[in-house]
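S.K.: The structure's right below; bear with me while I get my questions together.
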Amino acid sequence: MELITNHPVAAIAFAIWILTALGSFISRSKTKLPDIPWIGKSGNWPGAEYLATWSAIGSMRKWYSDGYKKYGKQGQAYILPDVLGGKHVVLPNEQLAWILEKPDSVLSTGAAHYDGLAGDYAFTDPAILKDLYHEHVVHQNMARKVGEVIPRTWQGICDAFDELWGKDTQQWKTVNVLDSMTHLVASVSNYFFVGEPLCKDKQFLRAGRAFADAVISCLFVNPLLPNIVKPLIMPIVAIPNHWHHWQVAKAVLPFFQKRMIEMEEAESKPGSSIDIPEDYITWHIRTARKEGRLDMLQPYKVTRSLMAIEFAANHTTLLTISAALIDLFGSDPKLGYVEGLREEAERVYREHDGVWSKQAVNKLVRADSALRESMRLLNITYSVTRKVLAPEGVRTPDGILVPYGQYISVASEERHYDGDVYENPHVYDAFRFSRGREAYEAANPEDKNSKEYLKHQSQSFVTTSQDFLPFGHGRHACPGRFFIQQELKMLFAYMLMNYDVQSLPERPPNFVWGPIHTPPPKTTLQVRRKAGTV
Numbered sequence: 333m334e335l336i337t338n339h340p341v342a343a344i345a346f347a348i349w350i351l352t353a354l355g356s357f358i359s360r361s362k363t364k365l366p367d368i369p370w371i372g373k374s375g376n377w378p379g380a381e382y383l384a385t386w387s388a389i390g391s392m393r394k395w396y397s398d399g400y401k402k403y404g405k406q407g408q409a410y411i412l413p414d415v416l417g418g419k420h421v422v423l424p425n426e427q428l429a430w431i432l433e434k435p436d437s438v439l440s441t442g443a444a445h446y447d448g449l450a451g452d453y454a455f456t457d458p459a460i461l462k463d464l465y466h467e468h469v470v471h472q473n474m475a476r477k478v479g480e481v482i483p484r485t486w487q488g489i490c491d492a493f494d495e496l497w498g499k500d501t502q503q504w505k506t507v508n509v510l511d512s513m514t515h516l517v518a519s520v521s522n523y524f525f526v527g528e529p530l531c532k533d534k535q536f537l538r539a540g541r542a543f544a545d546a547v548i549s550c551l552f553v554n555p556l557l558p559n560i561v562k563p564l565i566m567p568i569v570a571i572p573n574h575w576h577h578w579q580v581a582k583a584v585l586p587f588f589q590k591r592m593i594e595m596e597e598a599e600s601k602p603g604s605s606i607d608i609p610e611d612y613i614t615w616h617i618r619t620a621r622k623e624g625r626l627d628m629l630q631p632y633k634v635t636r637s638l639m640a641i642e643f644a645a646n647h648t649t650l651l652t653i654s655a656a657l658i659d660l661f662g663s664d665p666k667l668g669y670v671e672g673l674r675e676e677a678e679r680v681y682r683e684h685d686g687v688w689s690k691q692a693v694n695k696l697v698r699a700d701s702a703l704r705e706s707m708r709l710l711n712i713t714y715s716v717t718r719k720v721l722a723p724e725g726v727r728t729p730d731g732i733l734v735p736y737g738q739y740i741s742v743a744s745e746e747r748h749y750d751g752d753v754y755e756n757p758h759v760y761d762a763f764r765f766s767r768g769r770e771a772y773e774a775a776n777p778e779d780k781n782s783k784e785y786l787k788h789q790s791q792s793f794v795t796t797s798q799d800f801l802p803f804g805h806g807r808h809a810c811p812g813r814f815f816i817q818q819e820l821k822m823l824f825a826y827m828l829m830n831y832d833v834q835s836l837p838e839r840p841p842n843f844v845w846g847p848i849h850t851p852p853p854k855t856t857l858q859v860r861r862k863a864g865t866v
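Each residue of the sequence shown is one higher than the last, beginning at 333 in my numbering.
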């Protein structure tokens, strides 16, 4: 009693510890795990799994690395504790194809993402991450329509850079990389997601960024709580998420309702002069109507779907472009990366008369390579993961039975750092993936063949494989990666053509904590508008 009255925080921490230990013990008694090696657990004493689960918060990436080297490279599976309380059976990367061929009813991407993204709480309605209709909409529309959004995406890039990095051709300006890219990416992406005038609405953009921050707060807190107390505590943690979603909805709903009316009028009057822009809102309405999913036309379904797709796209884009800028200007200037990228951007822009199109952007192969290389090194995610949904569990190619509710994964980060896969894997080489492509394009026609062509095309930013996994792989690979590619390459082009940037003395290390891996948050660059570009 004295502990509770004199040290309430300690008492709460002790209570959570007891509840977590109890939950871990109950879970352990219910689930029989395969008899294979563990990484991160010391011994088989009663509290070992509980301690390993808590230790995973800060050690999971290191454990994936240790396990890959000790077991994965030898073709062996191993077990890792997960911060969410489940267990990962990590398979050798050679078994990725087996994972990908399993139906979602057996091994589920969506269920794994739902757990990792605190799906019960973070996005204000669990149905959003259970249905994943926003991903379906992007799958149905993105690849065919991405070329149509390039002109206004370019306009968004021009406006955002001019505002955030400035037009002063005389004085150097200090910009925080991660902060400036957070604002820039949110603004530019919304030229695609919602178009004008919303993409320039400061209050809407602030609410969207605040919602993303609130989601990340949920992702931090959720793993720290035992399942038994999450229904009590997580709704409180997620209160800001509901507030920021409401702020977004206030701006979006009148816009959405107007778009609905315009689309109905355009469809009912052939030859109508109403111009319906190709953006996410249009795609969502059109797809839902075509498929008879009238439930997805409920106003808050639309706004929540918009927030989910924005979170996924903006998070990936801002981390990648931030890492790419720091990699580029943190590399030795003598390597000529900046000059090579700038020459390419100016040449392609000139060849296409100062108008970006899908064809023109596709010619930025050096930019494509530099961005792919930064993604390879950054490793926003450290694994490709599925959750076992088959009630009877699933048996791996090696005969290992993985129980229902546990996770199966392969390591992605360590694959990207594997010297047998990539030469000098820890070294940033901006043109790693473009040298061969450029050499092939310059070769005599008689020396070219389809096999060689496909080999070089497989090195593009959007192409996934067993050896390049930032976007996942297979049928669940990120559907938005085609837009992200176009956006990032144009961001690079505008920055290189219009700004001088001072090199960093050295490339500062990324921020790494447990499963979190981001560009260094405090890194700044000295930028100045190039003379003659204003």
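Yeah, the Cβ is synthetic: ideal placement off N, Cα and C, and Gly gets one too.
The model shown is predicted, which means the values in this text are computed figures rather than measured ones.
Tell whether a beta-carbon distance below 8 Å holds between Thr717 and Ala429.
M.R.: Your numbering for residue 717 matches position 385 in the sequence shown. Your numbering for residue 429 matches position 97 in the sequence shown. No, Cβ-Cβ distance for Thr717 and Ala429 is not below 8 Å.
S.K.: Going along the chain, which residues of its own chain have a beta-carbon closer than 7 Å to the beta-carbon of Arg861, five neighbours each way excluded?
M.R.: In the sequence shown, counting from the first residue as 1, residue 861 sits at position 529. Around Arg861: Gly498, Lys499, Asp500, Thr501, Asn830, Tyr831.
S.K.: Please report the residue range of the beta strand (DSSP E) in which Leu857 lies.
M.R.: The residue given as residue 857 occupies position 525 in the sequence shown. Counting along the chain, the beta strand (DSSP E) containing Leu857 begins and ends at 856-861.
S.K.: Buried or exposed, going by whether 16 or more other CB atoms sit within 10 Å of the CB of Pro563?
M.R.: Translated into positions along the sequence shown, residue 563 becomes position 231. Pro563 should be labelled exposed.
S.K.: How would you label Leu857, buried or exposed, when you count the other beta carbons within 10 angstroms and need 16 or more for buried?
M.R.: On the sequence shown, position 525 is the one that residue 857 refers to. Per the 10 Å Cβ criterion, buried.
S.K.: Would the region 592-607 and the region 485-499 be scored as touching if the rule is three or more Cβ pairs under 8 Å?
M.R.: Because the criterion of three Cβ pairs below 8 Å is not met, the region 592-607 and the region 485-499 do not touch.
S.K.: Going residue by residue through the region 566-627, where are the continuous beta strand (DSSP E) segments of at least 3 residues, counting only ones entirely within it?
M.R.: Those beta strand (DSSP E) runs which fall completely within the region 566-627 and span 3+ residues do not exist here.
S.K.: Buried or exposed: Pro851, going by 16 or more other Cβ atoms within 10 Å of its Cβ?
M.R.: Start at 1 with the first residue of the sequence shown, and residue 851 comes out as number 519. Buried is the call here.
S.K.: Looking at Leu836 and Phe643, is the spacing between their C-beta atoms short of 8 Å?
M.R.: The residue given as residue 643 occupies position 311 in the sequence shown. The residue given as residue 836 occupies position 504 in the sequence shown. No; because the gap between Cβ atoms is not below 8 Å, this pair is not in contact.
S.K.: Judging by CA-CA distance, which residue of Lys854, Arg807, Val509, His748 is the nearest neighbour of Lys884?
M.R.: Residue numbering for the chain in the displayed model covers 333 to 866; residue 884 lies beyond these limits and cannot be assessed.
S.K.: Can you tell me which of the three DSSP states Val525 falls into?
M.R.: Numbered from its first residue, the sequence shown carries residue 525 at position 193. It should be pointed out that residue 525 corresponds to Phe in this sequence rather than to Val. In this structure, Phe525 counts as helix in the three-state DSSP scheme.
S.K.: Helix, strand or coil: which one does DSSP assign to Pro413?
M.R.: Counting from one through the sequence shown, the residue named residue 413 turns up at place 81. It is a strand residue.
S.K.: Measure how close the beta-carbons of Asp793 and Leu657 come, nearest whole angstrom, since I'm counting them as under 8 Å.
M.R.: Residue mapping note: residue 793 aligns to position 461 of the sequence shown, counting from 1. Residue mapping note: residue 657 aligns to position 325 of the sequence shown, counting from 1. First, the residue type needs correcting, since residue 793 is Phe and not Asp in the sequence shown. Incorrect: roughly 16 Å between the Cβ atoms, too far for contact.
S.K.: Is it true that the CB of Val833 sits closer than 8 Å to the CB of Ser766?
M.R.: Counting from one through the sequence shown, the residue named residue 766 turns up at place 434. Counting from one through the sequence shown, the residue named residue 833 turns up at place 501. Contact: no.
S.K.: May I have the straight-line CA-CA distance separating Val753 from Asp700, to the nearest angstrom?
M.R.: In the sequence shown, residue 753 corresponds to position 421, counting from 1. In the sequence shown, residue 700 corresponds to position 368, counting from 1. Rounded to the nearest angstrom, the two C-alpha atoms are 20 Å apart.
S.K.: Is Ile568 buried or exposed, if buried means 16 or more other CB atoms sit within 10 Å of its CB?
M.R.: In the sequence shown, counting from the first residue as 1, residue 568 sits at position 236. By the neighbour-count rule (16 or more Cβ atoms within 10 Å), Ile568 is not buried but exposed.
S.K.: What three-state label does DSSP hand Arg813 in the structure shown?
M.R.: For the purposes of this step, residue 813 is taken as the residue at position 481 of the sequence shown. Helix at Arg813.
S.K.: Is Ile560 buried or exposed, if buried means 16 or more other CB atoms sit within 10 Å of its CB?
M.R.: For this step, residue 560 is matched to residue 228 along the sequence shown. Ile560 should be labelled exposed.
S.K.: State yes or no: is the C-beta of Trp395 within less than 8 Å of the C-beta of Ile411?
M.R.: Your numbering for residue 395 matches position 63 in the sequence shown. Your numbering for residue 411 matches position 79 in the sequence shown. For Trp395 and Ile411, no; Cβs fall outside 8 Å.
S.K.: Between the region 811-820 and the region 471-480, are three or more C-beta pairs nearer than 8 Å?
M.R.: Short answer: they touch.
S.K.: Pick helix, strand or coil for Arg718, following the three-state DSSP scheme.
M.R.: Within the sequence shown, numbered from 1, the residue matching residue 718 stands at position 386. In the structure shown, Arg718 sits in a strand (DSSP, three-state: E or B).
S.K.: Helix, strand or coil for Leu703? Go by DSSP, reduced to three states.
M.R.: Taking the sequence shown and counting its residues from 1, one reaches residue 703 at position 371. Residue state, collapsed to three classes: helix.
S.K.: Between Ile460 and the rest of its own chain, which residues show a CB-CB distance below 6 Å, the 5 nearest in sequence each way excluded?
M.R.: Numbered from 1 along the sequence shown, position 128 holds the residue referred to as residue 460. Cβ within range, chain order: Arg636, Ala640.
S.K.: Applying the criterion that 16 or more other CB atoms from any shown protein chain within 10 Å of the CB defines a buried residue, is Ala655 buried or exposed?
M.R.: Residue 655 sits at position 323 when you count from the first residue of the sequence shown. With 16 or more Cβ atoms within 10 Å of its Cβ, Ala655 is classed as buried.
S.K.: Counting C-beta neighbours from all protein chains within 10 Å, is the total for Tyr760 16 or more, i.e. buried, or is it exposed?
M.R.: The residue you call residue 760 lines up with position 428 of the sequence shown. It is buried - the Cβ of Tyr760 has at least 16 other Cβ atoms within 10 Å.
S.K.: Helix, strand or coil for Asp545? Go by DSSP, reduced to three states.
M.R.: Walking along the sequence shown from the start, residue 545 turns up at place 213. Helix at Asp545.
S.K.: Please name the residue, chosen from Tyr612, Trp578, Ala542, Met566, that lies closest to His466 on a Cα-to-Cα basis.
M.R.: Within the sequence shown, residue 466 is the residue found at index 134, counting from 1. Of the listed residues, the one whose Cα sits closest to His466 is Tyr612.
S.K.: How many Å lie between Met595 and Val526 at the Cα?
M.R.: If you number the sequence shown from 1, residue 595 lands on position 263. If you number the sequence shown from 1, residue 526 lands on position 194. Straight-line Cα distance between these residues: approximately 15 Å.
S.K.: Just grab the DSSP bridge partners of Arg727 for me.
M.R.: Within the sequence shown, the letter at position 395 stands for residue 727. According to DSSP, Arg727 bridges with Leu733.
S.K.: Is there contact between the region 580-594 and the region 533-547, where contact requires at least three CB pairs shorter than 8 Å?
M.R.: Enough Cβ pairs lie closer than 8 Å, so yes.
S.K.: From Glu671 to Ala762, what does the alpha carbon distance come to, in whole angstroms?
M.R.: For the purposes of this step, residue 671 is taken as the residue at position 339 of the sequence shown. For the purposes of this step, residue 762 is taken as the residue at position 430 of the sequence shown. Going by the C-alpha atoms only, they are around 12 Å apart.
S.K.: Assuming His867 and Leu710 make a contact with CB atoms under 8 Å, what is their CB distance in whole Å?
M.R.: Residue 867 is absent from the structure shown; the chain starts at 333 and stops at 866.
S.K.: Looking at C-alpha atoms only, which residue of Glu678, Trp386, Leu439 is the closest neighbour of Gly725?
M.R.: One-based indexing of the sequence shown puts residue 725 at position 393. The shortest C-alpha separation from Gly725 is found at Leu439.
S.K.: Do the region 514-524 and the region 547-554 touch if we need at least three Cβ pairs shorter than 8 Å?
M.R.: As far as the Cβ criterion goes, the region 514-524 does not touch the region 547-554, which means the pair count is below three.
S.K.: Using a Cβ-based criterion (distance less than 7 Å to any ligand heavy atom), does Val716 qualify as near the ligand GTP?
M.R.: By its list of ligands, the structure shown contains no ligand whatsoever, and the ligand GTP lies outside what it can speak to.
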